[in-house]
Amino acid sequence: MRCFPVEKVFYSIIMIIWFIFGFIWVSRANLVSSDNQLHVFTVATEETDGYLRTTRSLRQFALNYSVLGLNTPWYGGDVKSTVGGGQKVRLLRDALTEFKHDGNAIILFVDGYDVIINANAEIILERFYKSGANVLFSAEGFCWPDDSLAVEYPVVKSGKRYLNSGAFIGYAPDIYKIITERSLRDDDDDQLYYTHIFLDPALREKHKIKLDSTSAIFQNLHGAVDDVDLDFSPSGHRMRQVRLANLAYGTEPVIIHGNGKSKMHLNYLGNYIGNWWNPIDGCVACNDDLLELNSDNENDFPFVVLACFINSGTPFLDKYFESILRLDYPKSRIGIVIFNRVEPHAVKVEHFVNLMDGEYHFVQADSAISLTERNARDRAVDICLESGCDYLFVVDAEARIDFPGTLKTLIEKNKSLIAPMMIRGEELWSNFWGALNDDGFYARSDDYISIAKRERLGLWNIPHFSTAYLIRKDRLSLLLSAYSYNGKNDPDMSFTQFCREKGFFMYVDNTEKYGHIMVSDNYNPLNRFADFYNIFQNRREWEERYLDEKYWDTLNNDYEFELPCPDVYHFPLFSKQFCKEMIAVMENYGRWSSGSNLDSRLAGGYENVPTRDIHMNQVDFERHWLNILDEYIRPVQEKTFIGYYSKPPHAIMNFVVRYKPDEQPALRPHHDASTYTVDIALNKAGEDFEVLE
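FYI, full-length UniProt numbering numbers position 3 of the sequence shown as 3, with every residue one higher than the one before it.
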């Protein structure tokens, strides 16, 4: 017998073991990198929005997949509300016949409507091999559909204990034997079928069936929404810049299933994973399946019915119609129908209809005074269908479209339900909700502020929108009476609830600055001066109407003021409309002072230099005027009287004076008790009154 030194024998053994380990590792690495080993199957009988998202994610990661049962009848029962799904097993059984003896084929099955893939074949296979299973099912925290079977499940050291059939992976021969082990009808429950197989100790051992209890590959979201979060940390894989982190088990699942009541959260996650959006490329999905509307022939453009809804008193309604007119879209391909439920706005509606007669394909005002809002909205869907439209564009009167290309851009996005994001003033109030609470009302999603502030730009799948949105014709016939679906909620909430429950995805697009939302709270359309007083609620519209368009030039450093005499500066401030309405407000009030030295409005009751005037506080305009002084006059004052600062300006005497030959024709020279005086001519010599020589 030949002896070896101990340390040489020891080294030899180590080298042999290392060689064997290295051989195994290389062999598995080669196997993992072979995409041909993985065959993905899904079942979908119709092309829903969820199906399109699932298959998109498969394509993003270059996975070879087969769709079973597409465009065929579904006999598997109503799986949304009860048991069923046996048809999926039958379809898979037929499809796997060719693989039943192929030991190199690995089968990945995922549900077709509520799954998102977030990894390529290499990553999926590597994790499958690491599990040591021949067949690996996803796991969840609920024993469904038969909770009495919970006691039969093996105890797990960590993670979820119960089988979920929405996603599983395994060697083809084992899966084929499992799905042919027992008979089942199309309307039997597929999850119950797989559960009985798993709970049979002999079959579980024979096929080495395991559950992915800690979500190394699969993540079922129902009951586990709080376990997961998005991971935006840098990744070496360009399409995996956003990943899903399971915080409960420290894993990173790559096949995400929105089972049960978690589908809305899957929609939120789907705004990022599946390479929908990432911090480097932004919105990848925004470039998917776009339409192009660039024909010189107007008839090539889709026909759109634009439904205008005036449901409450609306400030600056004429600006609303102007924003409609500015749309960069062939007018011959737009039919306008107006539903006005506010009687004081009828004159402006009639004026617009008469003005635009013959400009559009049609313009009509349907009397909606006697209609409920939900009936009017349902009626708009009917009109669109009856006219053979391609799209219904809903624009409420509170919406102001600032981007003329809004309609064209939304159509080119090629989504069945899409809204242009709009924000109200400087607030975070918008026309979409990022999440819902348990009662179906607003909840703030983690990314709401980033979307509302346009820090992240893209197409966002959201649970609710309102105010302005586009509906494609393939959805319209499915939305009949959607606004009346839930009479306990507002019509817009009824509509979006209907869409959610039908699985219709609703998107909000913030890639452009489409427009904004008016503040109409407490607006009284019976007050003919309501817009004039609306400076605090809707400053933008107020400025557009009541400031001189040249006012903003005065704030430029190179602006040269006109000086008629020392320390007197002329500059443009108000529009003619402001002057006209200010006069009308005062004349409507009508209680001009007597023009004598006695004035009960003053603290001492005596006016040294009397005028025929009305104070701003008498017409409830004091607060508005002080704001005008601060926002528009003070910046000019600081440029002209350099070194004097008073923010906000303090002014106790603000009034409008009326001069008439038979009352007070002029004002005697005097010194004002003020730091500076603002004198604004509300009418023009030679135009509004005669100048006597």
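Glycine is no exception: its CB is placed at the ideal position from the N, C-alpha and C atoms.
As the structure is a prediction and not an experimental result, all values here were calculated from the model.
What residue range is occupied by the uninterrupted alpha helix (DSSP H) comprising Leu317?
-> Leu317 to Leu325
Confirm, please, whether the CB-CB distance from Leu136 to Ile217 is below 8 angstroms.
-> yes
With DSSP collapsed to three states, give me the class of Tyr676.
-> In the structure shown, Tyr676 falls within a coil segment according to DSSP collapsed to helix, strand and coil.
Using CA coordinates, which residue listed in Leu457, Ile178, His361 and Pro234 is at the minimum distance from Cys286?
-> Leu457
Continuous alpha helix (DSSP H) stretch holding Tyr249: start and end = Premise fails: Tyr249 is in no alpha helix (DSSP H) and is neither H nor E.
Runs of beta strand (DSSP E) lying entirely within the region 371 to 406, each at least 3 residues, in chain order | 391 to 396 and 399 to 401
At what residue ranges does the region 26 to 107 contain a whole run of the alpha helix (DSSP H), taking only runs of 4 or more?
-> 49 to 60 and 86 to 95
Collapsed DSSP secondary structure at Asp567 in the structure displayed | coil
Which partner residues does Gln577 have in the DSSP bridge list?
-> Per DSSP, Gln577 has no beta bridge partner at all.
Cα-Cα, which of Gly440, Leu290 and Leu476 is closest to Asp490?
-> Gly440
Confirm, please, whether the CB-CB distance from Ile628 to Asp509 is below 8 angstroms.
-> no
Since I believe Leu476 is in contact with Val381 (beta carbons under 8 angstroms), could you give me their beta-carbon distance rounded to a whole number of angstroms?
-> About 6 angstroms separates the two Cβ atoms, so the contact holds.
One or two residues paired with residue 727 in a DSSP bridge | Nothing about residue 727 can be reported from this structure: the residues present for the chain run from 1 to 693 only.
Since Lys408 and Tyr329 are thought to touch, with beta carbons under 8 angstroms apart, how far apart are those beta carbons, to the nearest angstrom?
-> Confirmed, Cβ separation roughly 6 angstroms.
Going by alpha carbons, who is nearest to Thr554 out of Gln364, Gln637 and Glu501?
-> Gln637
Would you identify the three-state DSSP class for Glu7, choosing helix, strand or coil?
-> A caution first: Glu7 carries a pLDDT of 40, below 50, which makes its placement in the model too unreliable to give a value.
Status (buried if at least 16 other CB within 10 Å, exposed otherwise) for His257 | buried
What residues are listed by DSSP as bridge partners for Ala468?
-> Val395
Pairing CB atoms from the region 128 to 135 with CB atoms from the region 158 to 170, are three or more of them under 8 angstroms?
-> yes
Beta-carbon gap between Gly405 and Phe362 smaller than 8 angstroms | no
Ignore the nearest five residues each way along the sequence and tell me which others in residue 695's own chain have a CB closer than 7 angstroms to its CB.
-> Shown here, the chain extends from 1 to 693; a query on residue 695 therefore has no answer.
Identify whether Gly260 lies in helix, strand or coil by the three-state DSSP scheme.
-> Reduced to three states, the DSSP call for Gly260 is helix.
Hey, quick one: how far does the alpha helix (DSSP H) through Pro420 stretch, first residue to last?
-> Careful: Pro420 lies outside any alpha helix (DSSP H), inside the beta strand (DSSP E) at Leu417 to Pro420.
By the 10 Å Cβ neighbour count, where 16 or more other Cβ atoms means buried, how is Ser34 classified, buried or exposed?
-> The predicted position of Ser34 is uncertain, since its pLDDT is 47 and thus under 50; a value taken from the coordinates is nonetheless stated next. Ser34 should be labelled exposed.
Nearest to Thr195 (by Cα), restricted to the options Cys499, Ala224 and Asp146 | Asp146
Would you check if there are 3 or more beta carbon pairs closer than 8 angstroms linking the region 50 to 65 to the region 94 to 102?
-> no
Mapping DSSP to helix, strand and coil, what is Ile13?
-> Because the pLDDT at Ile13 is just 36, under 50, the model does not fix this residue reliably, and the value given afterwards should be weighed accordingly. Helix.
Phe23 versus Tyr129 - alpha carbon distance = Any reading at Phe23 needs caution, since the residue's pLDDT is 38, under 50, leaving its predicted position unreliable; the model's value is listed next. So the two alpha carbons sit approximately 16 angstroms from each other.
Identify every run of the beta strand (DSSP E) within the region 580 to 632, keeping only runs that are complete inside it and at least 3 residues long; order them along the chain.
-> 613 to 615
Report back the beta-carbon spacing between Ile411 and Leu291 to the nearest angstrom; my notes put them in contact at under 8 angstroms.
-> 6 angstroms
Taking the C-alpha atoms as reference points, what is the distance between Asn683 and Arg658?
-> Each residue's alpha carbon lies about 11 angstroms from the other.
In the DSSP assignment, find the unbroken beta strand (DSSP E) run with Asn220 in it and report its ends.
-> Phe218 to Asn220
Buried or exposed: where does Thr45 fall if 16 or more other Cβ atoms within 10 Å of its Cβ makes it buried?
-> buried
Candidates Glu501, Val519 and Met518, of which the one nearest Ser81 by Cα | Glu501
Output the distance between the C-alpha atoms of Arg53 and Ile116, rounded to the nearest integer angstrom.
-> 7 angstroms
Pair every Cβ in the region 85 to 100 with every Cβ in the region 226 to 237, then say whether three or more of these pairs are closer than 8 angstroms.
-> Under the three-pair Cβ rule at 8 angstroms, the region 85 to 100 does not count as touching the region 226 to 237.
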